[in-house]
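A.B. asks:
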Amino acid sequence: MTPIQQLIGLLARADPGFVAGDYATRFRSASGPEDETGFFRYFRGGFWEVRIDGASRSLRSPWGLRVELASGRVEEAPGRGTLPPRYPPWSLVLPRYSTFLGREHDDWQLDASRPILEDNGSLTAALTNLEDPEYSGILTVSTDTYTITSVDLGHMVQTLAIVRTEPDAEDLAVLEDIKASTKASGEA
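The opening residue of the sequence shown carries number 709 in the numbering used here; numbering runs sequentially from there.
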């Protein structure tokens with residue numbers, strides 16, 4: 709098995725159990741979409757809190773979704789099981805939901821013609837766009853959690869900074885809030 713195949717296998721199965729941290733999506737074009745930054749907590753089993761700075765707080769469980777908007781409005785919906793959306797921070801925390809592994813529905817694949825670089829707890833690999841191989845990118849993965857810590861696609865950069873991998877008392881209180889707040893929307 710090649711190093712690329714090994715990395716893809718690790719990313720496809722990775723589940724850090726619990727992580728909390730900051731994330732960002734930054735666009736290099738001034739005329740493109742706005743940047744997005746925020747904070748997240750992920751608990752094994754599909755429980756998430758994701759805060760988008762200045763916009764919303766989302767609570768997600770296998771049975772429901774609750775979005776608290778900055779305006780004070782609340783939106784609720786039934787859950788989709790443990791499937792998270794395919795965009796950050798979800799796709800960085802659980803790489804199997806990313807579009808970087810070269811599968812049929814992905815936009816990118818790891819470039820087997822370039823070596824994986826290992827440095828200080830991370831692996832860095834080159835990416836190639838599946839639709840147009842002239843476009844390339846760089847993917848960096850934490851060897852502690854097998855989360856994607858950064859992706860540079862040229863026009864945008866996505867980053868993930870893990871703050872902690874063990875839940876504290878506040879995290880456990882948030883988990884209970886997620887369960888209680890989404891239960892009602894899942895029963896609707």
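In this text, a Cβ means the ideal position worked out from N, Cα and C, and glycines have one as well.
#1: Leaving aside the five residues before and after V782 along the sequence, list all residues of the same chain whose C-beta is less than 8 Å from its C-beta, in chain order.
#2: Kindly indicate the opening and closing residues of the beta strand (DSSP E) around I846.
#3: What span of residues does the alpha helix (DSSP H) with P786 cover, start to end?
#4: Counting pairs of Cβ atoms below 8 Å between the segment 728-739 and the segment 857-877, do you hit three or more?
#5: Mind reading off the beta-carbon distance from A732 to D723? Whole number of angstroms is fine, and I expect it under 8 Å.
#6: Run through DSSP, which three-state label would A885 get?
#7: Taking the continuous alpha helix (DSSP H) assigned at G717, which residues delimit it?
#8: According to DSSP, is D743 part of a helix, a strand, or is it coil?
C.D. replies: For this structure:
#1: R774, V775, E776
#2: 844-850
#3: P786 -> not in any alpha helix (DSSP H); beta strand (DSSP E) instead, spanning 782-786.
#4: yes
#5: 22 Å between Cβ atoms; not a contact.
#6: For clarity, residue 885 is Asp in the given sequence; the question names Ala instead. Residue state, collapsed to three classes: helix.
#7: 711-721
#8: Looking at D743 - three-state DSSP - the assignment turns out to be coil, as it is neither helix nor strand.
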